[in-house]
Structure formats: structure tokens, C-alpha cells
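Accompanying notes for the structure given below.
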Amino acid sequence: MTDVFNIGTSALVSLQRAIATTGQNIANVNTEGYSRQRVEFTALPPQLTGAGFVGSGVTIASITRSFDAFLADDVRARTSSAFNAQTAADLSGRIDSILANPETGLGPSLDSFFAAVQDVANNPGSIPERQVLIREGQGLADRFEYLDGRFSQLDRDINVQIADTVRDINDIANNIADLNVQIVSETVRAGGQPPNDLLDKRDVELTRLAERVGISTFEQDDGAINVFLGNGQSIVVGGEASQLETFADPFDSGRTSVGLAGLSTQTDLSSFISGGELGALFNSRSSLIDSGRAQLGVIATGVSTLINEQSRLGLDLNGNLGSDFFTTQTPAVVPNANNAGGGSVTASIVDPAALTGDTYELSFDGTDFTLRNTNTGTTQTIAGPTPTFTVDGVEVTVATDPPAGDSFLIDPVNQAASLFDVQLTDPRTFAAASPLRSGASLNNAGNGELRDLAVADVAGLPLGTDITLTFAADTGGGSPGFLVSGIAGGPIAYDPAVDGAGGLNVTLGGFTFTLSGTPEEGDSFTIENNVDGSGDNRNALALAALQTSPQLFGGTASFQDSYASLIADIAVESRQARSAAETEQALLDQALSARDSIQGVNLDEEAANLIRFQQAYQAAARVVQVADEVFQTLLNATG
Amino acid sequence: MVERLSTLQTFNLGVATILDRQAELSRTQLEVATGRKILSPADDPSGAVRILDIQEDLALVDQYGRNASLARSQLSLEETALDQIGVSLQRVRELAIQANNATQSPETRAAISVELSERLDELVAIANSRDGNDEYLFAGFQARREPFSRSGNVVSYNGDDGQRFLDIAAGSQIAVRDSGSRVFLEARAGNGEFDFSAGAGNTGTAVVKDSGTSGAFTRDDYTITFTQASPSDPITYEVTDGAAASVATGTYASGSVIAFNGAEIVIEGVPEDGDVINIDSSPRQSVFTTVAELVEALESTTDDASSDAAVANAVASGLNNLDRALDNVLQVQTDVGVRLARLDTQDEINADFDLTLRETLSDVQDLDFAEAISRLNLQLVALQAAQQTFVSTQQLSLFDYF
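Respectively, the protein sequence lines represent chains A and B. Residue 1 is where the first sequence starts when you use the numbering used here, and the numbers rise one by one after that. Residue 1 is where the second sequence starts when you use the numbering used here, and the numbers rise one by one after that.
Here it is in C-alpha cells:
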């Protein structure tokens, strides 16, 4: 009789647990990371009787969670990718929308500046136009500064975000380590039964960590999980969590790197960091901000250098040779913060067209220098001591060799946009005119012409004496040409029959001109200083021509083209990031859905289970009742 | 694959769908509100770049338009000045012809000389014309310096050969000025090949009636010297070149052609022994010198045949020179006219280009409203559908049947 009782009560107890578990599932239907739990019934060992084995009831073997480690791993990996893509999309979207408004872009400022140059060309002797030009130059400088400011604002924001993310990572790593300790001890205490809710909690923490940074995990036999950054640096081992910390980049104190806390010399861990928010922050910093700023810097350097070069070839209203319109751009040479010191390295821009926007790291081994392009990774060896060399339009001079092991970062254009400024203050000193003018003698009988006089080099200007070119059928060697007085370089061979129609381009001293037509014996031309040439606009026209001529990136792009390609690069990047974010989100949704189809609570299912367990419970109660009644019957009969 | 769905999943899925539909709707709403299909460069990177390109081109076309209208006003100003010069030179020409009339007396010639002198002042004043910016039109690059100054009958040029250009289209420039030397100084004297003048000491009545060339003229300065040893001898002439070498000789007959080295000269009247006619291979002579020579020739004349001949020679030479000067002014005028015509053509081209650019810009950036509105309606329907499905699926629960 007692065995029937026992069977009934074992069923009642087990089914109560089962109903409680169903209740727990229903209660946690909205709990993040909760895995639905299942009661595993098992029959109690039977008793041996003469008739054989008689069952002795039911018990609960285990309460397990519905969990698939593979799916959980997949969710973590997808979470890292999705958060990475989303963060990248957010960052590029921010830059993109800053550049979205054409009115606040570089284009209108460039247009206004060059329009002002044209206006000076239209009326070179007038002061108001020149004042407008200086103001428009200032406007251009402001716009460069504004755009660069957007990039550096984002750079600072990223520093803050990196610091925040690193703090989160440290927190979560500590939580995981703590949970590891608890899981190991609880598993032991429960005799091997899984501490389901702790495991769920740890999975949630792991997913939270995966949001911040790409991780890989390895589960130990005792149930603890080890966590690694990417596939390398461990951050949780059993109950121990390593702490990360941020530190300033040795070449750029305004830039944050990540390393392990508590080490005497900092090692940059960024090579281990990929995926998650942190990966996107590092990646966007180089692909978006650095390259965007570099392109902007190339444009700023190009505008200032080329305008200055042409300005210096001109003549201002005071009759002086032109001076720089914008301040000169000097490449930044930053010594590594860990340098022993003592070296002297300087750099200057020699060819704006050759600028790429790349940065270079120059290191010294005691004998030779190694120049590494930090964007492409290519290196070249430069023989010491104290070399002077040119790389991509930048001339680098080592005046004093540094101690071996020191290194320098050469950043040709990064500061160019922020330091872009107008140097000219007096409108009269804008060089609208050209320093020389030519004239034909009124006694010339032929139709020879000297035209397109242009200055390429101001050395030797202003002229000490006027230059006269006189045509002679025989310049001494039996051939026709121009005798030259006033400057070395004559005679100029010129055969009207050959050169007359097409014209002959001549370079004499630092200037060039074209001779054409058929001069007669004794016809002469003069080249003289352009004294009082207030009506001359030739240099202003030459400056205005810089607007549309392809001057940058190897002579392939005008200023505006270069800016347009900056916009295009960022737009494409942003567009790709946007679609990558959508794709990754879809993949994450799939992974979550796969996981939840195993792990998630379905209320209808739980309702069905409730009915099932309730019915079984009622039946078990009936068994107990029947056993009782049978027992009573026996008592009454023997009573 | 039949998959088990968790309750939270169904819920999240429904909500996510609604949020997606709302995002799409809001995007379309923004497009309709701004009228643009590119809200940020990432929406259409190549379109965004084209917009930048077009906007630069539009700014340039606008600037070229401004340059062109400035060029037009400068050239019109020059055209007016050139017209005035033409009128003034015509008047000088009339006065010269009038002065050559046989009925003139020394007094009336002197009066004409005075008027010619005033015309010279007038010409200098026109040559010193200024534009609205106080720049001299005919000064070359030295636009703030008075280009012409008269001292006595000598007018000197202080400017240079500089010519100002403006950009009127990409890679296309137009000259908006002509230097004073081009307009006033460059005309060749005489018939274009050579000029003549009677010797200052001539006592006869030889007058050059006509001069021209036949074949290639050998450029040099020549002198025709008349010889008549005694009044009964025939008058002979000898032509010598710049090196005093004899080029041609002959017996003089009034009205017959003296030809040498490509030059043909018709002389009438009776030269005295030793009278000379100088032939200068065409130097350039300024308009002012031409007028000043007439002024001087008419200033003090006497009432005799040789003085009449001197006047006749001076006027004949002067008329030649005036014609050259007028030709030169006309050339410049034609040139200015051609430039103005070019400006008109360029204006049309620029206007066409402007229109094309604006159309392209509109194609690239402007929204197709019909399409956008129908898209908006579709998205509204989709949103409503998502909301309805969400509500109805969420209402289904087994617990309802407990």
C-alpha cells in the first residue's frame, strides 16, 4: 500500500516542481537572455518483488535550460559585427550630414574667393575689390577651419567614446569573472547540476561585452569561461579579469590608444581590437577622420602654396614684388614622446601636386634612417648622417641626427586646414600685376610681335636696365634672330620663315614670352619694369586660372575636384556603412531568432504545459486518493 | 523550416516591422518636405559630387557673365571714344581741304590753323578719356597716369603697350582695352609704304599730286632733287637713296610719273633748281603729329605761289596721313565691334550653358513629386497593415481559453 502512496506523492512533488518551472518560464517571458527551463522526469528505481520489478514512482533528474552553445556563440559574433557596423554607420553618417549642406561646404567659399580674384582682375587698380578679396580669403580660411573643426570634434568625441567603452569593458569583464567564480562553486555545491540562471546571466554579460568589442571564448571543464580580445589578448581567465586603460598616443597627445593597465611601458592593443563598438571607433578614426582631414589638408596646402607661389610672381600696387597671400604651410614633425631627444628634423612643402595626404614615421638606428609610410606601410631606407630627401612633395631635412632609437612622425598636411590663414592685410599689397611689360618700337617696319610675357622666377627683378631685343638677319653666326641687350642669354635664334606663323616660345632670364610674325631688320622690342602698371591684371588672371586648373593629386584634380572626391569618399563610406549596418542587423536578427526559437519562452506552449501538468497532478492526486480508499477499505474489513 | 517562435520574438518582430515602416515613411516625408531626393551625400555619392561640380560651374558662369558685362561697358566706352576721334579727324580733314583752296589768304589759313590747334586739344582730351573707375582708357597698364600730354605742338605718350584682358569663359579671354600707342601712334604715314614732304627751302611750285607703288617697294629714304642749271635748260631730277646713291634720273615733266624702286610719284608745277621732295619709307606717325604738322603749315603762310605749293604739299601729305590715321581708328573700331559681337555670342553660350546646368542640377537633386507622393501613400498603407497585424497576432493567446 505504501508503494502506491509513494508513487502518488512522488508524482505530486515532481509535478509541482514542473508547474513551478512553467510558472518561472511564464514569469521570465520578458527577461533578457532568459533560457526557458525544462524539467526532466525520470522513473525511480523499481523494487524487486516475486513478480518482478514494480515501479516506485517518479523523480526530477534535472532542471535544464534550453540552450545551444553554438547559437549563443553565433549571437555573440553577430552582435559584435552589428554593433561594429552600426557604430561605423553612425560616425560616418555624422560626418556625411555635416558635409551634406552644400552651403557650408568648401565649394561656395572657393567660388567666392576666386570670384573676388576675378573682380580684382576686372578692376586691378581699385582698392575696394582688393579689400573684398582679402575678406573672401578670410572666409575661405574660416571655412577650412570650420570643416577641420568638425573632423577634430568627431576625433575628440571618439576619444571620449573609447574611454567610455573601455570603462564598460572593464566592468563587464569583472562581472564575468565574478560569475565564473559563482558558477564553479554553485555547480560543485549542486553536485553537478547547472546553475541555469547564473549561466543565463553570464551569457547576457558576454553578449554585452561582444557589443563593445569582438571577443572569442573558451569554456573550461569546471564551467568557467575564458574571454579573449579578438583571438589574442585574454581579458578574463577563470575568476581573474585583466583591466584595460586608455593612454595618449606617443606621437599625438590628443589621441587615445588602449593598452593593458598596470604595465610599466604601454603597448598598443589596437591590433587585437576588431569588431564591436571599440573596433568601429578605431577603424573610423583612421579610415574616416584621418583620411578626410588629410584630403582637406592637401587642399588647404595646395590652395595656400599655389596662390602664394603665383602671388610672389606678381607686382603689387606699390610697385613691389608680390608677397604671400596666405600663411605658409609647414608640415608637422612630431617627435615620439619616448624620444631621448637631441635630433633636429624639419620639413617643407616643395610640390603640392605630389602630396598624397599620407603620414610618415622616420626612425633612426644609429646609422641609417627608415622612413615608413604609415598609411601604406611601405618603408625605405635613407642613408645617414643628416640626410635631406624628398618624399611625395615634402622635403625633409635632418639637421642633427637624433640618438639611435628615436623616431619622428612627419605629418605634412594634417594641420593645414586648421592653420590656414590670410597673411595679406594691406589691400595694396595684393599682386594683381605682372612685374614686367613689353613694348614694340614705333619704328618697327615688320609685323613681328612679342607677346604673352610672363614671369616664372623673380630672381633678378626688378630689372636694372631695360631689355631690348633687336632683329637682325644675321646675328653673327649667319642665321637670323634677335640680338639681346640688357640681360645675358642672347642672341635668340629666330627665323621668321620657320617660327613666324606658329610663334617661338622663349625663356630668357626668369621670364618667358612668345615671338611671332615677320620682323624686319632693326625692328626691336623692349621688356621693362612695369612701373605704375596699376591697370595690369595679368597676375590676377593667372591666379584666377588656378581655380579650374588641375593642380593637386599629381595634377589630376582642381581644388574643387579634390573637395568633391573628399565628399564622395565619405559619402561612399557612409553609404557602405549604412548598408553594412542593415545587413549585419538582419544577420543578428536571424541569429537571435535561431537562438530564441530554442531558448525563448512561448506562452502558448507554457499554457499547454500547465494543462498537461495540471491534468497529471489531478491524476496523481487521484492515485493518492485511491490508495487511501483502498487502505480504508482494508481497515474497515479488518476493523 | 518550421521554427518554434518565442512570445517575445513575435512581439519584437511586430514592433520592429512597425518601426521600419515608420522610418521609411519619415524618410519620404522629409524628401517631400525639402523637395530633394538627396538629403545627404551618402544617399547618392556620385549625384552629390555632380551637384558640387554643377554648382561650381554655375558660380563660374555667373562670374563670367559679370566679367562679360563689365567688358561690354568698357568696350562701349572705347567705341564711343573712337567714334569721337573719327568725327574729330573728319573735321580736321575738312579743314585741311578747305585750307588748300586757292581762295584762302594767309589770314584765313591762320584762322584755320587756330581751329586745327583746338581740334588737336580735343583729340588729346579724347585720348585722355577715363572710365567710371577713373582709369585712363588709352594708357596701357599705367591706367592711373595721364597718357597724353601736349606741349606746344608736340604731344607725347606716357603709357605703354599693355592691353587688359578679362576671362569671359573657361579658357577664353577678351581684350577690353587698346593701348594709346595702338590707337593713336601706330598708323603708318603717307600712303602706307612711304610718305613725302617738300623741302623746307623749296622756292618752286612743285606739288605732289599722287603717290603710290607699283610692285615691291624697296624700303629706304629717298630724295628727289630737281636741277635746272639755267632757266632755258630742261628741268631734270635725280632720285638718291639713303646712302646718297643715285637710283633714278630723268627729265621732269609736270604731271608725269616719276618711278623708282617700286614707287610712283606724280608731281605737278614748276620746281626751281635745288628744290627737293623727300620720300620717307613709311614711318609710323601719330595722329597728333599729323594734325600738328597741318597746324604748323598753315600758321604763317605768305600770299605767293611757292607758299601755296608748300601748303598744297603739306595738305596733300597731311590728307594721306589723316586717311591712314582714320583707317587705323577704323581698324580698332572694327576690332572692338568684333569683340562686342563675340561677347554677345558668349553671352548666349553662357545662358545656354547656365540653363543646361540648372536642368541637370534639377534632374540630379530634385524630387519627382508624383513618384514620391505615390510612394508615401504606399508606405502609409504598409504601416497601417503592420500595425493591424501586430494587434491581431498579439491578441491570440491560449490563456484566453482557460
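C-beta: ideal position from N, C-alpha, C; glycine also.
For residue 52 of chain B, the nearest CB of chain A lies under 8 Å from its own CB, placing it at the interface with that chain. Judged by their CB atoms, residue 299 of chain B and residue 88 of chain B are not nearer to each other than the 8 Å cut-off. Minimum Cα-Cα distance from residue 303 of chain B among the listed residues B:104, B:83, B:373 and B:98 corresponds to B:104.
Boundaries of the beta strand (DSSP E) harbouring residue 173 of chain B: 172-175, taken from the DSSP string. The beta-bridge partner set that DSSP reports for residue 7 of chain A is empty. In the structure shown, the three-state DSSP call for residue 522 of chain A is coil. DSSP assignment within the region 182-251 of chain A yields the following whole alpha helix (DSSP H) runs of 4 residues or more, N-terminal first: 196-212. Residues of the region 599-614 of chain A that bring their beta carbon within less than 9 Å of a beta carbon in chain B comprise 599, 600, 601, 602, 603, 604, 605, 606, 607, 608, 610 and 611, in sequence order.
Contacts with chain B at 8 Å (Cβ-Cβ) include residue 437 of chain A. The three-state reading of DSSP puts residue 191 of chain B in coil, since its state is none of H, G, I, E or B.
Interface criterion not met: the Cβ of residue 458 of chain A is under 8 Å from no Cβ in chain B. Considering only beta carbons, the part of the region 140-165 of chain B lying closer than 8 Å to chain A consists of 140, 141, 142, 143, 144, 145, 160, 161, 162, 164 and 165, in chain order. Residue 484 of chain A sits close to residue 469 of chain A, with the two beta carbons spaced by under 8 Å.
Judged by DSSP in its simplified three-state form, residue 83 of chain A adopts helix.
Residues of chain A with a Cβ closer than 8 Å to the Cβ of residue 243 of chain B do not exist; the shortest Cβ-Cβ separation is about 15 Å. Comparing alpha carbon positions, the residue from A:530, A:367 and A:327 closest to residue 419 of chain A is A:327.
The beta carbon of residue 399 of chain B sits closer than 8 Å to some beta carbon of chain A. Per DSSP, the continuous alpha helix (DSSP H) segment holding residue 65 of chain B begins and ends at 45-99. For residue 574 of chain A, a Cβ of chain B is located within less than 8 Å of the residue's own Cβ. Listed along chain A is no residue with a C-beta nearer than 8 Å to that of residue 88 of chain B; the closest approach is about 22 Å. By the criterion of a C-beta distance shorter than 6 Å, residue 538 of chain A is surrounded in its chain by 434, once the five residues flanking it on both sides are discounted. Here DSSP, grouped into helix, strand and coil, assigns residue 173 of chain A to helix. Residue 211 of chain B and residue 262 of chain B do not touch by the CB rule: their CB atoms are close to 12 Å apart, not below 8 Å. Closer than 8 Å to the CB of residue 388 of chain A there is not a single CB belonging to chain B. One Cα belongs to residue 103 of chain A, the other to residue 577 of chain A, and the distance between them is close to 25 Å. No Cβ-Cβ contact shorter than 8 Å links residue 513 of chain A with residue 552 of chain A.
Excluding five sequence positions before and after residue 501 of chain A, the CB atoms of its chain that fall closer than 8 Å to its own CB belong to 516, given in chain order. The residues 106, 296 and 417, in chain order, have a CB closer than 7 Å to that of residue 147 of chain A in the same chain once the five nearest residues on each side in sequence are set aside. Contact fails between the region 523-541 of chain A and the region 488-506 of chain A, because fewer than three Cβ pairs, one in each stretch, are under 8 Å apart. Note that the C-beta distance between residue 332 of chain B and residue 183 of chain B is below 8 Å. When secondary structure is reduced to three states using DSSP, residue 148 of chain A falls in the helix class.
Residue pairing of residue 321 of chain A in beta bridges, as defined by DSSP: A:315. Nearest in C-alpha terms to residue 94 of chain A, of all of A:442, A:288 and A:611, is A:288. For residue 537 of chain A, at least one C-beta of chain B is nearer than 8 Å to its own C-beta.
Using a Cβ-Cβ distance cut-off of 8 Å, the region 81-89 of chain A and the region 579-594 of chain A are in contact, since at least three pairs of beta carbons, one from each stretch, lie closer than that value.
Under the Cβ distance rule, residue 166 of chain A does not count among the residues neighbouring chain B, no pair being separated by less than 8 Å.
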